[in-house]
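Inspection log for the structure reproduced underneath, given as structure tokens.
Residue numbers (the working numbering): 947 to 1231.
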């Protein structure tokens, strides 16, 4: 049976698998060695792809799709603030003799949401996964919008507080510095945003409140500019469910005084969105 190798590279974990026609036939995940530097991450991705592409009874991989963060073209990972790499060719990510296509992790996951998830019935959608970083995928009139260079959707680096907290990208006051899962955890000295949400002390409540407010500010700007019918929240932080989207809906509505806000929902595909999106990339090889 023909299938594709799909790998979704996140700042904390890499999710990989074998996929055929939207069905995940095999999947596993492993840590991303982000703290060890760009070369270590590239080597880890290559090793993962090699293992996934190894012969398995009844399965024959025909191509590889890699969904990675940052600025991406189908042939190069141009830049990633999360990993510190610049202009990495697709061939560097694998030693297997299969066609390889790179794609932006969030836009790829957004394509999966359009194909299989919560965005299937809406032509105008903003998909916003929140994890180690934050970015957005825009579907306008039923098609993903990439912008002039294919790099649209970098909402995580929209400044929500001018001259605010420093961001890994080199700017200050970015949405990601306040509302990414990694930033929420770091600001409270925790290993995860989930741990912050379970706390009831003043510091944890303030950090969480600032995260929700930052998201509301960024989404209000996106709403006024793009007029999406639906905002789909994905990524690890989406696992907070109503603890996140409940107050976010309220704050967003308050920031849009003269118009109704878009619906805000949690991703239907959950953590599988990126993997299915990487598989869609592979089908274009």
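Ideal Cβ placement from N, Cα and C applies to all residues, glycine included.
Practice task
Going by DSSP, name the residue or residues bridged to residue 1113.
Solution key: None, per the DSSP bridge assignment.
Practice task
Label residue 1230 either buried or exposed according to how many other C-beta atoms from any shown protein chain fall within 10 Å of its C-beta, with 16 as the threshold for buried.
Solution key: With a 10 Å radius around the Cβ and a threshold of 16 neighbouring Cβ atoms, residue 1230 comes out exposed.
Handout entry: Beta-carbon spacing of residue 1048, residue 1020 below 7 angstroms
Key = In this structure, residue 1048 places its C-beta atom within 7 angstroms of the C-beta atom of residue 1020.
Handout entry: C-alpha distance - residue 1087 paired with residue 1070, whole-angstrom precision
Key = Their backbone Cα atoms lie some 5 angstroms apart in a straight line.
Problem - Candidates 1226, 1193, 1167, 1008: closest to residue 1210 by CA position - result: For residue 1210, the closest alpha carbon among the candidates 1226, 1193, 1167, 1008 is that of 1193.
Practice task
Spatial neighbours of residue 966 within its chain, please: CB distance less than 6 angstroms, with the 5 preceding and 5 following residues excluded, ordered by chain position.
Solution key: Closer than 6 angstroms at the Cβ level, and outside the excluded window around residue 966, lie 949.
Exercise for the section: Inspect the CB distances between the stretch 1166 to 1184 and the stretch 1071 to 1091 and report whether three or more fall short of 8 angstroms. Expected result: Taking one beta carbon from each stretch, the stretch 1166 to 1184 and the stretch 1071 to 1091 have 3 or more pairs nearer than 8 angstroms; the two touch.
Problem - N- and C-terminal bounds of the alpha helix (DSSP H) containing residue 975 - result: That residue, residue 975, is in no alpha helix (DSSP H); its beta strand (DSSP E) goes 969 to 977.
Problem - For residue 1158, the three-state DSSP class (helix, strand or coil) - result: Note: residue 1158 maps to helix in three-state DSSP.
Problem - Nearest-angstrom beta carbon gap, residue 1102 and residue 1079 [assumed within contact, 8 angstroms] - result: 5 angstroms between Cβ atoms; contact.
Exercise for the section: Look at residue 1195 and residue 1166 and say whether their C-beta atoms are less than 7 angstroms apart. Expected result: In this structure, residue 1166 does not lie closer than 7 angstroms to residue 1195 by Cβ.
Handout entry: DSSP bridge partner residues for residue 1209 (one or two, in chain order)
Key = Bridge partners of residue 1209: 1176.
Problem - Runs of alpha helix (DSSP H) lying entirely within the stretch 1078 to 1140, each at least 4 residues, in chain order - result: Runs found: 1121 to 1125, 1127 to 1133.
Handout entry: With 16 other Cβ atoms within 10 Å as the buried cut-off, status of residue 907
Key = Since the first and last residues shown for the chain are 947 and 1231, residue 907 lies out of range.
Problem - C-beta contact flag for residue 1179 and residue 1157 at 7 angstroms - result: Their beta carbons are not under 7 angstroms apart, which means residue 1179 does not touch residue 1157 by this criterion.
Problem - Residue span of the beta strand (DSSP E) that contains residue 930, given as start and end - result: For the chain, the structure presents residues 947 to 1231; residue 930 sits outside this window and is missing.
Exercise for the section: May I have a chain-ordered list of the alpha helix (DSSP H) segments no shorter than 4 residues that lie completely inside the stretch 1035 to 1069? Expected result: As summarised for the stretch 1035 to 1069, the continuous alpha helix (DSSP H) elements at least 4 residues long and confined to that stretch are 1051 to 1062, given in chain order.
Practice task
Note down the Cα distance separating residue 955 from residue 1039, rounded to an integer number of angstroms.
Solution key: Cα to Cα, the separation comes out at about 11 angstroms.
Problem - Limits of the alpha helix (DSSP H) - the one that residue 1144 falls within - result: For residue 1144, there is no enclosing alpha helix (DSSP H), since its DSSP letter is neither H nor E.
Exercise for the section: Identify whether residue 1007 lies in helix, strand or coil by the three-state DSSP scheme. Expected result: Shown here, residue 1007 sits in a strand according to DSSP, grouped into three states.
Problem - Spatial distance of residue 1136 from residue 947 (CA atoms) - result: Here the alpha carbons of residue 947 and residue 1136 stand approximately 44 angstroms from one another.
Practice task
Look up residue 1195 in the DSSP assignment and say whether it is helix, strand or coil.
Solution key: The answer is helix: DSSP assigns residue 1195 an H, G or I state.
Handout entry: Cβ distance (whole Å) where residue 998 is taken to contact residue 951 below 8 angstroms
Key = Confirmed, about 5 angstroms.
Handout entry: Within 7 angstroms, strictly: CB atoms of residue 987 and residue 1029
Key = A Cβ-Cβ contact shorter than 7 angstroms links residue 987 with residue 1029.
Practice task
Please check if any C-beta of chain C sits within less than 7 angstroms of the C-beta of residue 959.
Solution key: Here there is only one protein chain, and chain C is not present.
Practice task
Please classify residue 1217: is it buried, with 16 or more other beta-carbons within 10 angstroms of its beta-carbon, or exposed?
Solution key: Around the beta carbon of residue 1217, a 10 Å sphere encloses 16 or more other beta carbons of the protein chains shown; the residue is thus reported as buried.
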